[in-house]
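Student: Residue numbers (this note's numbering): 183 to 713.
Idealized CB from N, CA, C, for every residue including glycine.
Right, dumping it as structure tokens:
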């Protein structure tokens, strides 16, 4: 390793010293899921050496970390961000329970599996998560004032790579919404849904080009540093399962492409992180340290390049966006089935509010909880001094029906299987119909129809059939000392029509009518034997 570094220093002294202008240095960060935390360790060492990066590009996690670096966050700041982020919660789109709708809290938390229903046919989800929490995370950290931003105009020019899901070709993302571009580049298959940008359905860039060195060379860089956190092909001794075989086969094109790209690098950094997987997010501290250890081997190269940069740009270290801003106007784009009043009612945002980006995220949680949107994005721009325009861009879900399945057991109803069918837009654009069928020892159903008007008064109808049989012990009844138990059969049908409004998302106030039919009977009385 020492010989390799010395040789590189010799080459740089020959090539770079002859230049009258400072060498342009590009940095390429590969994809690799959780293994991408190693990039942060490398960035910290680059910062320590005083080396200024002139262009940065990346794929997937490399794109996300590179994007944060490009907008002005330092290696230390990115480390702080990543160490304080629960990535498993982000990837699973977990929402705070307080954000859930009253309807969802009461009727939607009883099942385990959810299967989309499209034109009467049951299908499977495209991924575990829609990725809204990942997008929220990026929106909090990155300035979104310009929805058509030129990434080459960032403090450090930047690009990232996604994959066109329709044909498998790489897509170069270097303009538009930066948070959206990073979300697309990091759309790890099966974990995060693909995302549509400019008419293209995009998924993780690692599928098509996980290490875009050639593209960086095309940007006119004199020196290109590459950090590769990919693993290796599996050795034959470990190819002992169908999963291992499939992973190996699917990895061939990516590794072949990466091998070609590595040959074009001037400085190649490959941290020793083979023991970790792309989902080892709980090992981020160890992975980050591995990246720093490997980068330290190149400190002399970083420092030599830094000394050649005699005309350095002034790049201000970005501050974490925690301040509140006054919202003077609100826009909502992308409305189809739901009204502006519905969206703003769920967000609980109005003109005159003072909000931080974190508070906007909290508001978005409430809209996400309706399950009516695939994507919720916003742009925050200053129109007059101290007065901001908050522009929401929503993409409604095209999945209007689903089937949820679960199991249940308690001492009264015994064992049962729960099947819930839900459908939106049954009669109105903003309605929801659901019916629960509980099949087992005691058959029951719950039927709900609800029209959600957001800010305005909502209304609905409910019907429930309840039935159970129970052997109730009566040996404590003093007036009937010989009565031991009653075999009880109970049934009721309840119908309700109601109006409802909510206050601060904590209280629901309703007014309605209810009709209830009850039947309780016993066929046998069991008596205790006479003494």
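Can residue 510 and residue 591 be called in contact, C-beta distance under 8 Å?
Tutor: Contact flag unset, no.
Student: Whole angstroms is fine: what's the gap from residue 528's alpha carbon to residue 227's?
Tutor: If you take the alpha carbons of residue 528 and residue 227, they lie about 45 Å apart.
Student: Can you give me the Cβ contacts of residue 524 inside the same chain, cut-off strictly under 8 Å, excluding the 5 residues immediately before and after it?
Tutor: 612, 634, 635, 636, 637.
Student: What does the Cβ neighbour count give for residue 247, buried or exposed, with the cut at 16 atoms within 10 Å?
Tutor: Burial call: buried.
Student: Contact defined as beta carbons within less than 8 Å: I believe residue 207 pairs with residue 407. What is the distance between those atoms, to the nearest angstrom?
Tutor: About 7 Å separates the two Cβ atoms, so the contact holds.
Student: Taking only beta-carbon atoms, is residue 471 less than 8 Å away from chain D?
Tutor: This model lacks chain D altogether, as it is built from one protein chain only.
Student: Identify, in the order they occur along the chain, each residue of the same chain with its Cβ nearer than 6 Å to the Cβ of residue 375, setting aside the five sequence neighbours on each side.
Tutor: Taken in chain order, the residues that qualify are 308, 309, 312, 313.
Student: Within 10 angstroms of the Cβ of residue 514, are there 16 or more other Cβ atoms? Answer buried if so, exposed if not.
Tutor: Counting Cβ neighbours within 10 Å, residue 514 comes out buried, since at least 16 surround it.
Student: So residue 229 is in the alpha helix (DSSP H); what residue range does that whole segment cover?
Tutor: It spans 220 to 231 - the alpha helix (DSSP H) in which residue 229 sits, taken as one unbroken run.
Student: Taking residue 278 as the reference, give the member of 252, 391, 315, 298 with the closest Cα.
Tutor: Per the Cα distances, 315.
Student: How far does the alpha helix (DSSP H) with residue 478 in it reach, from first residue to last?
Tutor: Note, residue 478: alpha helix (DSSP H), 466 to 478.
Student: Where does residue 546 sit, in a helix, a strand or coil, going by DSSP?
Tutor: The answer is helix: DSSP assigns residue 546 an H, G or I state.
Student: Compare the C-alpha of residue 342 against each of 693, 468, 239 and name the closest.
Tutor: Of the listed residues, the one whose Cα sits closest to residue 342 is 239.
Student: Which same chain residues end up closer than 6 Å to residue 448 when comparing Cβ atoms and leaving out the 5 residues on each side of it in sequence?
Tutor: The residues are 405, 406.
Student: Grab me the residues of residue 402's own chain with a C-beta within less than 8 Å of its C-beta, minus the 5 sequence neighbours each way, in chain order.
Tutor: Closer than 8 Å at the Cβ level, and outside the excluded window around residue 402, lie 206.
Student: Kindly list the residues whose CB is nearer than 6 Å to the CB of residue 702, restricted to its own chain and excluding five residues on each side of it in sequence; keep chain order.
Tutor: Excluding residues within five positions, the ones whose Cβ falls inside 6 Å are 672.
Student: Would you tell me roughly how many angstroms separate the C-alpha atoms of residue 618 and residue 603, rounded to the nearest one?
Tutor: Each residue's Cα considered, the two are about 7 Å apart.
Student: Counting Cβ pairs closer than 8 Å, one from the stretch 323 to 330 and one from the stretch 376 to 392, do we hit at least three?
Tutor: The stretch 323 to 330, when compared against the stretch 376 to 392, does not touch it at the 8 Å Cβ threshold.
Student: So for residue 492, helix, strand or coil by DSSP?
Tutor: Three-state result, residue 492: coil.
Student: If you check the beta carbons only, do residue 623 and residue 595 fall under 8 Å apart?
Tutor: Contact flag set, yes.
Student: Check for me: the beta strand (DSSP E) holding residue 340 runs from which residue to which?
Tutor: Here the beta strand (DSSP E) through residue 340 covers 340 to 346.
Student: With respect to the beta strand (DSSP E) encompassing residue 619, which residues constitute its N-terminal and C-terminal limits?
Tutor: From DSSP, the beta strand (DSSP E) with residue 619 extends over 613 to 622.
Student: Pick helix, strand or coil for residue 510, following the three-state DSSP scheme.
Tutor: Residue 510 falls in the strand class under three-state DSSP.
Student: Could you give the DSSP three-state label for residue 702: helix, strand or coil?
Tutor: It is a strand residue.
Student: By how many angstroms is the C-alpha of residue 559 removed from the C-alpha of residue 495?
Tutor: If you take the alpha carbons of residue 495 and residue 559, they lie about 32 Å apart.
Student: Nearest to residue 726 by CA position, among 254, 490, 552, is which residue?
Tutor: Residue 726 lies beyond the residue range present for the chain, which begins at 183 and ends at 713; the question has no answer from this structure.
Student: In whole angstroms, give me the CA-to-CA distance for residue 465 and residue 346.
Tutor: Each residue's alpha carbon lies about 31 Å from the other.
Student: Is the separation between the beta-carbon of residue 546 and that of residue 318 shorter than 8 Å?
Tutor: Their beta carbons are under 8 Å apart, which means residue 546 touches residue 318 by this criterion.
Student: Mind checking residue 295: buried by the 16 CB within 10 Å criterion, or exposed?
Tutor: The residue is exposed, with fewer than 16 neighbouring Cβ atoms inside 10 Å.
Student: Whose CA, out of 452, 457, 454, 415, lies closest to the CA of residue 437?
Tutor: Of the listed residues, the one whose Cα sits closest to residue 437 is 415.
Student: Helix or strand or just coil, what does DSSP make of residue 269?
Tutor: Here residue 269 sits in helix by DSSP.
Student: Give me, in chain order, the residues of the same chain whose beta-carbon lies closer than 7 Å to that of residue 454; leave out the 5 immediate sequence neighbours on both sides.
Tutor: Excluding positions up to five away in sequence, the list reads 472, 476.
Student: State the DSSP-derived secondary structure class of residue 315, mapped to helix, strand or coil.
Tutor: Helix.
Student: Please tell me whether residue 576 and residue 536 are closer than 8 Å, where the distance is taken between their beta carbons.
Tutor: Cβ atoms of residue 576 and residue 536: not closer than 8 Å.
Student: Which of the three DSSP states is assigned to residue 457 in this structure?
Tutor: Residue 457: coil per DSSP, three-state reduction.
Student: Quick one: measure Cβ to Cβ for residue 640 and residue 682, integer angstroms, because I've assumed they're closer than 8 Å.
Tutor: Residue 640 to residue 682, Cβ: 5 Å. Contact.
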